[in-house]
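Each position in the sequence shown, counted from 1, maps to that position plus 821 in this note's numbering.
All C-beta atoms, glycine included, are put in the ideal place defined by N, C-alpha and C.
If you're wondering where the values come from, they're calculated on a predicted model, not measured in any experiment.
First up is the structure itself, then whatever we jot down about it.
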Amino acid sequence: MNTQIITDEKQFPHKEMTYKILGCCMEVHSELGNGFLEAVYQEALAIVFEEKGIPFEKEKAIDILFRGKILNKKYNADFLCFDEIIVELKACESLSPDHISQVLNYLKATRKKIGLLVNFGTPKLQYKRIIF
């Protein structure tokens, strides 16, 4: 198994901020466990973000630009943290390629560099850092 340690900010953008966000997710999962609806984890995570002083926007509407025009259809990310990091929550048996595509679309639309896909639906918290 080949392990790569990324220390360069270009390869691993917003490292400290992502650690703080994931730490909050771990706190929520540790306290609630798995089995709740996604909305429960979203509400609990907002409380922890507030306690930790992490700036966030919940249910952040994302504009989609096409040929210079903003479409009526919007994406809604679960959170935008630090005005830089998209956080998408799931409460399912496992993460799928469709979930990753969803976060990639959010990143494309916002031109943000990093998204966190977090799954509370398993006994151990699952997460993926998605870099665009």
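(request) List the whole-angstrom C-beta distance separating Ile-951 from His-835, where the pair is believed to meet the contact cut-off of C-beta under 8 Å. (result) About 12 Å separates the two Cβ atoms, so there is no contact after all.
(request) Report all residues from its chain with a CB closer than 6 Å to the CB of Phe-877; omit the five preceding and five following residues, and keep chain order. (result) Phe-870, Phe-900 and Cys-902
(request) Please classify Asn-940: does DSSP put it in a helix, a strand, or coil? (result) strand
(request) Report the residue from Tyr-896, Gly-889, Gly-844 and Gln-863 whose alpha carbon sits nearest the alpha carbon of Thr-931. (result) Comparing Cα positions, the closest option is Tyr-896.
(request) Check whether the region 903 to 919 touches the region 853 to 862, counting contact only when three or more Cβ pairs, one atom from each stretch, lie closer than 8 Å. (result) yes
(message) Bridge partners for Leu-910 per DSSP, in chain order?
(response) DSSP lists Val-939 as partners of Leu-910.
(request) Could you check which residue in Cys-846, Lys-879 and Ser-922 has the C-alpha nearest to that of Leu-946? (result) Cα-wise, what sits closest to Leu-946 is Cys-846.
(message) Taking 8 Å as the threshold (C-beta atoms), are Tyr-948 and Leu-866 in contact?
(response) Contact: no.
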